[in-house]
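Numbering (my numbering), first residue to last: -9 to 619.
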């Protein structure tokens, strides 16, 4: 550079300040520099005074003269490091475009001229459009090394200016052996950006799956490109969440991800200025790497029953994945990504009630925290999901684990809780009408003192009403060919069934139906012997079994037999059960189940105590539907 300064002093009356001399004298001094590195050094030195009109004209001349590829590359590097005046950008862009459009020039020099043209157009939409047109005019039979750089520039412009024709050009370049890895890489990155902007979860997963395929093709067509490998791993991480949720084994794949990140860092060492569009993909990798890493960390945390550092899990892991668009990518709107990650987060969290408690405790301590609002929203979403999971049909894994927790908290062993939930799942397809009848019966117990006051009495009532309804439903439907025991209900002549037949049938049902503790012919109940005595945690009641051949309705049965039932209940709860074998001949028909179970009230003579009696009837003297008229 000293030589140029000396030339300026000799040619400009002793002045070494380029801005103080005329363009002619400055140009005369520059022309005396040797082509190549000397002229490139002179160009870079002069860019310090690029705001001067005289200097701009000389710099433009130097760009036009230069046909040396290394020198042109250094000049573009210098332009990348400074602020470009608006008046300089357009003529410089024209000069560089002429250079890369000339197929007779060296491919390396053309590549850097293309890079420079893109750099100069970044702040000028008109120049971007002109550059797009020029690039679309490039032939796929051009120099392969130049086409590789074309693919990179096309990808960089696509980030800011989505364009169908540019995507088609990349797909054409992806068919060329020497360009395929670069073009596939850029298409994959475009698909990732498409995923970030996806309005729905399905659109997100579709874009990610497409990106994964392009990254795989990029790897197949190259010698293990570090960038393609890293992005492929990150994309695979996200796609695995869709298939498997936030599983703890994601953590086991972190070492592979870390190695890929190190390799890519070495591969992409600060090759472009931060404001260059070509530098964007290097910055984007940090977002995707962070996303994959935080997914693995959160999956690991959700595999633990207790969080040792609640603040880190909530503030760094949970919120990052629950709001990935803003927390990880710094974008204002990523609806598809946010929705999919929120769904995965909630599915992972609702398996343990501890996680909800951890959120609530954090909010109590950090009420003024900047992220308190986001954590509160996460908590409410989790609460709603947990509530929904208990009411969901069909059951899923999270519903099961949640119910097991509830039963364990109620005092059941883990094994008993799991067995109970397993049995409950089997009722997912229960008869809706029977379930509605159960609810109607139970609602009439709402004001019964023992039911409302004692939880164990309530559980006994609800269990027995359910068992009675299941028994009625079974005996209303199951035929003799399926269960020969039911034959007593179809006997219409000869020796008719008696109440003992019904009692034995019901006792066998109780043995296999998950009933409370029961005893047949229990003595010393009100001074007599109860047909069936049932007990649950210190609460006892009775089931009286009768037969009757003249049954107009259940109210009549209550008048006939409820007094006997209440006689067994003078020191216990004020409710009981009456099960009647109905021998009324209805020409082989049976009434609808809703007519055969009711709640009746009985106040014994000389007493002020009202009892509730559940009256249920099983129809005998039946015919099969084929024989009914």
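Cβ atoms here follow ideal geometry from the backbone N, Cα and C, with glycine treated the same way. Note that the structure is predicted; figures quoted are calculated from it, not measured.
When Cβ pairs closer than 8 angstroms are counted between the two stretches, the stretch 432 to 443 is seen not to touch the stretch 576 to 586, the count staying below three.
Runs of the alpha helix (DSSP H) spanning 4 or more residues and lying entirely within the stretch 116 to 196 occur at 134 to 150, 154 to 163, 170 to 186, in chain order. Nearest to residue 46 by C-alpha distance, out of 28, 30, 56, 81, is 81. The C-alpha of residue 544 is placed about 18 angstroms away from the C-alpha of residue 532. When secondary structure is reduced to three states using DSSP, residue 601 falls in the strand class. Distance from the Cα of residue 156 is smallest, within the candidate group 169, 176, 166, for 176. Listed in chain order, the non-local C-beta contacts of residue 208 below 7 angstroms within the same chain comprise 171, 174, 175, 178, 215, 218, local neighbours out to five positions each way being set aside. Judged by beta-carbon spacing, residue 16 lies within the 8 angstroms limit of residue 48, meaning their Cβ atoms are closer than that value.
DSSP places residue 24 in the coil class of the three-state scheme, outside both helix and strand. Ranking 526, 320, 31, 225 by CA distance to the CA of residue 283 puts 225 first. 55 is the residue among 601, 404, 347, 55 whose C-alpha sits nearest the C-alpha of residue 86. Distances from the CA of residue 164 to each of 138, 185, 183 were compared; the closest alpha carbon is that of 138. Around the beta carbon of residue 142, 16 or more other beta carbons lie within 10 angstroms, which makes this residue buried. Bounds of the beta strand (DSSP E) holding residue 518 are 518 to 526. A contact between stretches requires three or more CB pairs, one per stretch, nearer than 8 angstroms, and the stretch 360 to 377 fails this requirement with the stretch 324 to 331. In this structure, the alpha-carbon of residue 455 lies about 49 angstroms from that of residue 194. When Cβ pairs closer than 8 angstroms are counted between the two stretches, the stretch 146 to 161 is seen to touch the stretch 118 to 125, the count reaching three or more. Of the candidates 520, 292, 613, 136, the residue whose Cα lies closest to the Cα of residue 99 is 136. The three-state reading of DSSP puts residue 207 in helix, counting H, G and I together. In the structure shown, the three-state DSSP call for residue 593 is coil. DSSP, read as helix, strand or coil, puts residue 444 in coil.
Positions of the beta strand (DSSP E) runs, each at least 3 residues long and wholly inside the stretch 27 to 60, cannot be given because no such run exists.
Annotation: the continuous alpha helix (DSSP H) that includes residue 84 extends over 76 to 91. Residue 292 carries a coil assignment under DSSP once its states are collapsed to helix, strand and coil.
Look at residue 572 here: in three-state DSSP terms it is strand. Apart from the 5 residues on each side of it in sequence, residue 313 sits with its Cβ closer than 7 angstroms to the Cβ of 328, 364 in its chain, given in chain order. According to DSSP, residue 608 shares a beta bridge with 571. DSSP, read as helix, strand or coil, puts residue 533 in strand.
Ranked by Cα distance from residue 374, the options 198, 336, 526 are led by 336.
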